[in-house]
Amino acid sequence: LVKKIKESGADLTILAGFMRILSPVFTKNIKAINLHPSLLPLFKGAHAIKESYESDMKVAGVSVHWVNEE
1 LVKKIKESGA DLTILAGFMR ILSPVFTKNI KAINLHPSLL PLFKGAHAIK ESYESDMKVA
61 GVSVHWVNEE
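Mapping of the sequence shown onto the UniProt record's numbering: residues 1 to 70, in sequence order.
Right, dumping it as structure tokens:
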């Protein structure tokens, strides 16, 4: 994946719905942001939309963050 992205010449990679934890090889070599379908840290993980919908919160949203080793 890293090789393909580097070959493309992309300045920035945007992840949306990419449900994988990325390796340090990726995070150290590719500048990327992730779109998470909830307001972090309230609803983490694969079921964030469902948990947000079923909560009693009156506000919903998305989080955008840099992809790093953390």
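The C-beta atom is built at its ideal place from N, Cα and C for all residues, glycine as well. All of these numbers come straight from a predicted model, not from anything done at the bench.
Does DSSP put Val-62 in a helix, in a strand, or in coil? coil
Determine the direct distance from the alpha carbon of Val-64 to that of Pro-41, and round the result to whole angstroms. 12 Å
Anyone know if the C-beta pair for residue 77 and Ser-38 falls short of 8 Å? Nothing in the structure corresponds to residue 77, since the chain is present only between 1 and 70.
Val-25 to Lys-3 span [Cα, whole Å]: 11 Å
Which of helix, strand or coil DSSP assigns to Ala-10: coil
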